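Asker: With our numbering applied, the sequence shown corresponds to residues 354 to 668, in that order.
Quick reminder that beta carbons are idealized off the backbone N, C-alpha and C, glycines included.
As the structure is a computational prediction, the values presented were derived from the model and not from experiment.
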Amino acid sequence: MRILVTGGAGFIGSHIVETYLNAGHEVFVVDDLSHGRRENLPPQVPLYEVDIRSPALAAVFDEVQPDVVSHHAAQVSVATSVAHPTQDATINVLGMVNVLEQAAHHGTRQVIFSSSVAVYGNPQYQPCDEAHPTQPLSPYGLSKLTGEAYLRLLAEMSGLRCTIFRYGNVYGPRQSAEGEAGVIAIFADRMLAREPVIIDGDGLQTRDFVYVGDIARANLLALERGGSGPYNLGTGQATTIRDLWFTLQSLTGYAGTEVYGPPRQGDIRQMVLDAGLAARELGWRPQVSLTEGLRRTLQAFAQHEENHPRDHSRE
354 MRILVTGGAG FIGSHIVETY LNAGHEVFVV DDLSHGRREN LPPQVPLYEV
404 DIRSPALAAV FDEVQPDVVS HHAAQVSVAT SVAHPTQDAT INVLGMVNVL
454 EQAAHHGTRQ VIFSSSVAVY GNPQYQPCDE AHPTQPLSPY GLSKLTGEAY
504 LRLLAEMSGL RCTIFRYGNV YGPRQSAEGE AGVIAIFADR MLAREPVIID
554 GDGLQTRDFV YVGDIARANL LALERGGSGP YNLGTGQATT IRDLWFTLQS
604 LTGYAGTEVY GPPRQGDIRQ MVLDAGLAAR ELGWRPQVSL TEGLRRTLQA
654 FAQHEENHPR DHSRE
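#1: Distance, Cα to Cα, Pro438 vs Ser468?
#2: Is Ser496 helix, strand or coil when you go by DSSP?
#3: By the DSSP assignment, the alpha helix (DSSP H) with Thr433 in it spans what residues?
#4: Determine the contact status of Tyr564 and Val641, defining contact as a CB-CB distance below 8 angstroms.
#5: Please determine, among Val452, Gly363, Gly366, the residue with the shortest C-alpha to C-alpha distance to Ile405.
#6: What are the complete beta strand (DSSP E) segments, minimum 3 residues, inside the stretch 406–461?
#7: Whose CA, out of Pro396, Gln652, Pro476, lies closest to the CA of Thr644?
#8: Run the CB neighbour count on Ala409, radius 10 Å, all protein chains shown included, and call it buried at 16 or more, exposed below.
#9: Tell me whether Asp553 sits in a helix, a strand or coil according to DSSP, three-state version.
#10: Figure out for me which residue from Gly361, Val472, Gln558, Ala376 has the closest Cα to the Cα of Gly500.
#11: For the beta strand (DSSP E) containing Leu601, name the first residue and the last one.
#12: Return the first residue and the last residue of the beta strand (DSSP E) that Tyr613 is part of.
#13: Is Glu371 buried or exposed, if buried means 16 or more other CB atoms sit within 10 Å of its CB?
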């Protein structure tokens, strides 16, 4: 298949690109490189440096004529969405509508969409399944939920096949510790650099951490199996941020002590997912444990630091 991955030079997208390539698919990438990196991609993968909001996206679809679009380009910061909701909406809603319009116009057969557990808000019960009410706490969660609605509507209107994934807290190699990074990337980066590590809030908030390789595998399975979803992708295991801190301290040999800061506005307090639907319909189950995933992530961070020594001028 010819697959266009939006945001394909980013953290999650680049792993999906790699997985598709290994399965023998022809892969193309759209990424404006505002967060992604060309070095995350194999040199043979065509990269179109285009913003998904731009009219220039039509020319990309004209040239690629994709069978499948895996849509992972997004504004991913909860904090940014709270501070700048217009920016969040123009990328996550209007940008997505542009992608969907081009997909429908060019005869694309399937769109895979990376949504988020942020659509649920604070859960009324756990583990949280796909039938749980959606009550986002942030503009980011709302924009993801809106994207789901647009995709379902377009699929109904055009006959396009859609697959919606609601990701847990994804972590792994290539995740940046800058900007709106995941907590694992931030903690790992600071501990390896022997810098202070701040825990937002009391550290008792829980997350369902899922390894990026498992996420990429779900995106491959969706090409041939399953319905439209939405599908939760998580491990079903809740980990407190405080426990994560101590696990990473043990793995890195970090000698510092935990420091607590204020909680972040818009953050969900507790979350653990029921991914049983993905198991039943896609044959997907997480394969990488948190401990093993953290080891792989730390190894990748250490290798990156060796190849790209830290610039201390920002400190």
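Answerer: Quick answer:
#1: The C-alpha of Ser468 is placed about 17 angstroms away from the C-alpha of Pro438.
#2: DSSP places Ser496 within a helical segment (H, G or I) once states are collapsed to three.
#3: Looking at the DSSP string, the run of the alpha helix (DSSP H) that includes Thr433 is 431–436.
#4: Against a cut-off of 8 angstroms, the Cβ pair of Val641 and Tyr564 comes out as a contact.
#5: Ranked by Cα distance from Ile405, the first of Val452, Gly363, Gly366 is Val452.
#6: Qualifying beta strand (DSSP E) stretches, in chain order: 421–424.
#7: Residue Gln652 holds the alpha-carbon nearest to the alpha-carbon of Thr644 among Pro396, Gln652, Pro476.
#8: So Ala409 ends up on the exposed side.
#9: In the structure shown, Asp553 sits in a strand (DSSP, three-state: E or B).
#10: Out of Gly361, Val472, Gln558, Ala376, Val472 has the C-alpha closest to the C-alpha of Gly500.
#11: The continuous stretches of beta strand (DSSP E) do not include Leu601, which lies in the alpha helix (DSSP H) extending over residues 594–605.
#12: DSSP places Tyr613 in the uninterrupted beta strand (DSSP E) bounded by 612–614.
#13: In summary, Glu371 is buried, with 16 or more beta-carbon neighbours lying within 10 Å of its beta-carbon over all protein chains present.
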